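Residue numbers (the numbering used here): 1073 to 1259.
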């Protein structure tokens, strides 16, 4: 049903498993890409910068992503607790910012088939727009992640290691993530 991937990798030269630092500085040089379009039903739609893959009963977020050169875009992100690590689709990861992985891995999808990729990665910063439980706007959570490039349908798949490290609680049937009393809604 999902596109879970298995494996474990760290950015080149990084052999620790500590929480990602996050920056409170404002993001610069936003790109011209518009926010995502995900169509859950015929009455609700959002803007999108890439083709929407088939929908499953999974949690999907539209997240602003900033790269190391301060360019940014919006990604359709699948939250997949069955995926061990984070992966990004090749055309969503700027080639000039990719780095070879110190520990290339082989991806195996949830259906048991091998998925191309695993030898390159990219450091990204996710901006999660939050809301308080009373519905008012909350702070933007900025979190960095090393993502491996793989041939997946979604712009990015957030895996269990990232969700656990960042203390996100997945509420798939409520269509949201929770973070210490804040809500990150799905689309």
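In this text, a Cβ means the ideal position worked out from N, Cα and C, and glycines have one as well. Predicted model, so just to flag it, every value in this text is computed and none were measured.
Within 10 angstroms of the Cβ of residue i, are there 16 or more other Cβ atoms? Answer buried if so, exposed if not.
| i | result |
| --- | --- |
| residue 1246 | exposed |
| residue 1148 | buried |
| residue 1207 | exposed |
| residue 1241 | exposed |
| residue 1152 | buried |
| residue 1192 | buried |
| residue 1172 | exposed |
Specify the secondary structure class of residue i as computed by DSSP and reduced to three states.
| i | result |
| --- | --- |
| residue 1233 | helix |
| residue 1166 | coil |
| residue 1200 | strand |
| residue 1240 | coil |
| residue 1155 | coil |
Starting from residue i, trace the beta strand (DSSP E) in both directions and tell me its first and last residue.
| i | result |
| --- | --- |
| residue 1256 | 1254-1257 |
| residue 1149 | 1144-1151 |
| residue 1173 | Run containing residue 1173: none; DSSP gives neither H nor E here. |
| residue 1210 | 1209-1222 |
| residue 1205 | Unbroken run through residue 1205: none, as it is neither H nor E. |
Residues in its own chain within less than 8 Å of residue i by CB, not counting five upstream and five downstream?
| i | result |
| --- | --- |
| residue 1252 | 1239 |
Give every residue of the same chain whose Cβ lies closer than 6 Å to the Cβ of residue i, excluding the five residues on either side of it in the sequence, and list them in chain order.
| i | result |
| --- | --- |
| residue 1093 | At residue 1093, the pLDDT of 31 sits below 50, so the modelled position is not reliable and the matter cannot be decided from this model. |
| residue 1188 | 1223 |
| residue 1228 | 1147, 1149 and 1160 |
Return the chain-ordered list of same chain residues with a C-beta closer than 7 Å to the C-beta of residue i, the five sequence neighbours on each side being excluded.
| i | result |
| --- | --- |
| residue 1255 | 1202, 1203, 1205 and 1248 |
Do the region 1168-1178 and the region 1198-1216 touch if we need at least three Cβ pairs shorter than 8 Å? No, the region 1168-1178 is not in contact with the region 1198-1216.
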